[in-house]
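Plus 5 on top of the position in the sequence shown (first one is 1) and you've got our numbering. Don't be surprised by glycine CBs; every beta carbon is placed ideally from N, CA and C. Values in this document were obtained by computation on a predicted structure and should not be read as measured data. Everything on this sheet refers to the single structure shown next.
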Amino acid sequence: MAKKLLVFGATGQLAHEIGELGKATDSFDITCLSRQQADLSAPDTLPAVIDAHRPEAVIIAAAYTAVDKAESEETLATTINGEAPGVIARHCTSLGLPLLHVSTDYVFDGSKDGAYVETDPVNPIGAYGRSKHAGEQAIQAACAEHIILRTAWVYSAHGANFVKTMLRLGAERDQLKIVADQHGIPTAAADLAAACLDATRQVLTYNRTDAWGIYHYSGAGPTTWFGFADEIFSQAAEYWGRRPEIGPQATEDYPTPAARPKNSVLDCSKIADTFGIVAKPWAQSLQPVIARLLSEQHQAS
């Protein structure tokens, strides 16, 4: 019998991939809600939305993700990323529903030398990170049966992300400068979606009461934005027959409204040990995304 799963954030990269995976599995009956159907900027409306769908588990894949804009819209970001998850968590508790919430590497300040584990102290350095940390705290306070899944550098063929930006700029220009002193690990939205569904399936099917808490999940293999771009263009060159020349750039030479952590590499050992969910090499997961985007680009032209 398929488990009824309610997902917030239908138009985002992650929920889109969850919906796609849902079409190929008999394990879940998945409903993904858009902002028009479930507005996280109006948290008080969300319990009625959950009641209307009567799910067996809930995933929050929706978020305010405009990192720079959040600096001037912190109240809105905190409502969506902090207050709304707390409202959802309290209602899940009242209904006895497990909750999986997707959070971010930006809860860390980037000062650690090495990969971050789940128990490392958080210290967000921007409004977006503060808003996401508020959501984590609200869920922990309101819902014992929760999984908080921190991830990083998400990309897919859907929505706005670094891969699509690089392909657009790389098609337009022969030379690009890319930030080379911010370290992290890219994460394919499809891999993240599979991890979300696998963890949810296990807690529903096997009553994994030992599994609640915070986890990290990203791709495998630390890199920089420069290294990420280099791999994007290496793969794209097979379709283009050319590649732009790229050069490294320091964060200080590319000022943005929001500060970014210099290191947001996540250690994903805990999710592997607990659920058997193993991170995949990001460059490998990038291949089908590049292929899809450039084949669509070719068809459009």
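Check: Hey, how far is the Cα of Ala-29 from the Cα of Arg-297?
Finding: Looking at the two C-alpha atoms, the distance is approximately 19 Å.
Checklist line | Cβ shell of Ala-149 (< 8 Å), same chain only, five flanking positions each side left out | finding: Contacts found: Thr-98, Trp-217.
Note to self: Once the 5 residues before and after Gly-140 are set aside, which same chain residues still bring their CB inside 6 Å of it?
What the structure shows: Taken in chain order, the residues that qualify are Asn-86, Gly-87, Pro-90.
Check: So the alpha helix (DSSP H) Tyr-220 belongs to, where does it begin and stop?
Finding: Run containing Tyr-220: none in the alpha helix (DSSP H); it sits in the beta strand (DSSP E), 218 to 221.
Next item on the list: Could you please give the first and the last residue of the uninterrupted alpha helix (DSSP H) stretch that includes Cys-97?
Entry: For Cys-97, the enclosing alpha helix (DSSP H) has its first and last residue at 89 to 100.
Notebook entry, point to check: Taking the continuous alpha helix (DSSP H) assigned at Pro-52, which residues delimit it?
Noted result: Pro-52 -> alpha helix (DSSP H) spans 51 to 58.
Next item on the list: Mind listing, in chain order, the continuous alpha helix (DSSP H) runs of no fewer than 4 residues lying wholly within the segment 202 to 245?
Entry: The qualifying runs are 230 to 245.
Item checked: Lys-275 - DSSP class collapsed to helix/strand/coil -> Looking at Lys-275 - three-state DSSP - the assignment turns out to be helix.
Note to self: To the nearest angstrom, how far is the alpha carbon of Thr-205 from that of Gln-187?
What the structure shows: Each residue's Cα considered, the two are about 32 Å apart.
Note to self: Please report the distance separating the alpha-carbon of Asp-272 from that of Arg-265.
What the structure shows: The alpha-carbon atoms of Asp-272 and Arg-265 are separated by roughly 19 Å.
Next item on the list: Whole angstroms is fine: what's the gap from Ala-157's alpha carbon to Trp-287's?
Entry: Straight through space, the alpha carbons of Trp-287 and Ala-157 are spaced by roughly 11 Å.
Next item on the list: Decide yes or no for the touch test of the segment 173 to 191 against the segment 124 to 136: beta carbon pairs closer than 8 Å, at least 3 of them.
Entry: The segment 173 to 191 is not in contact with the segment 124 to 136.
Item checked: Start-to-end residues for the alpha helix (DSSP H) that takes in Glu-61 -> From DSSP, Glu-61 is part of no alpha helix (DSSP H); its letter is neither H nor E.
Next item on the list: Answer with buried or exposed for Ser-223, where buried requires no fewer than 16 other C-beta atoms within 10 angstroms of its C-beta.
Entry: Residue burial annotation: Ser-223 is buried, with at least 16 other C-beta atoms found within 10 angstroms of its C-beta.
Note to self: Out of Val-184, Gly-27, Asp-110, which one is the CA nearest neighbour of Pro-253?
What the structure shows: The option with the nearest alpha carbon to Pro-253 is Val-184.
Next item on the list: Taking the CB atoms as reference points, tell me whether Asp-294 and Tyr-121 lie closer together than 8 Å.
Entry: Note that residue 294 is Val in the sequence shown, not Asp. No, Cβ-Cβ distance for Val-294 and Tyr-121 is not below 8 Å.
Check: Do Asp-203 and Phe-280 come within 8 Å of each other at the CB atom, strictly closer than that value?
Finding: Phe-280 is a Cβ neighbour of Asp-203, given a cutoff of 8 Å.
Notebook entry, point to check: From Gln-292, Gln-42, Ala-71, Gly-246, pick the residue whose C-alpha is nearest to that of Ala-195; which is it?
Noted result: Nearest of Gln-292, Gln-42, Ala-71, Gly-246 to Ala-195, Cα basis: Gln-292.
Next item on the list: From the DSSP output, in three-state form, read off Gly-189 for me.
Entry: In the structure shown, Gly-189 sits in a strand (DSSP, three-state: E or B).
Note to self: Using a Cβ-Cβ cutoff of less than 6 Å, which residues in the same chain neighbour Thr-84 once the five nearest sequence positions on both sides are dropped?
What the structure shows: These residues qualify, in order along the chain: Ser-46.
Next item on the list: For Leu-19, name the three-state secondary structure that DSSP assigns.
Entry: Here Leu-19 sits in helix by DSSP.
Item checked: Limits of the unbroken alpha helix (DSSP H) element including Gln-145 -> Gln-145 -> alpha helix (DSSP H) spans 132 to 147.
Checklist line | Per-residue DSSP class, three states only, for Glu-78 | finding: In this structure, Glu-78 counts as coil in the three-state DSSP scheme.
Margin query: If you measure between the beta carbons of Val-63 and Cys-37, is that distance less than 8 Å?
Written below: Cβ distance not < 8 Å, so Val-63 and Cys-37 don't count as in contact.
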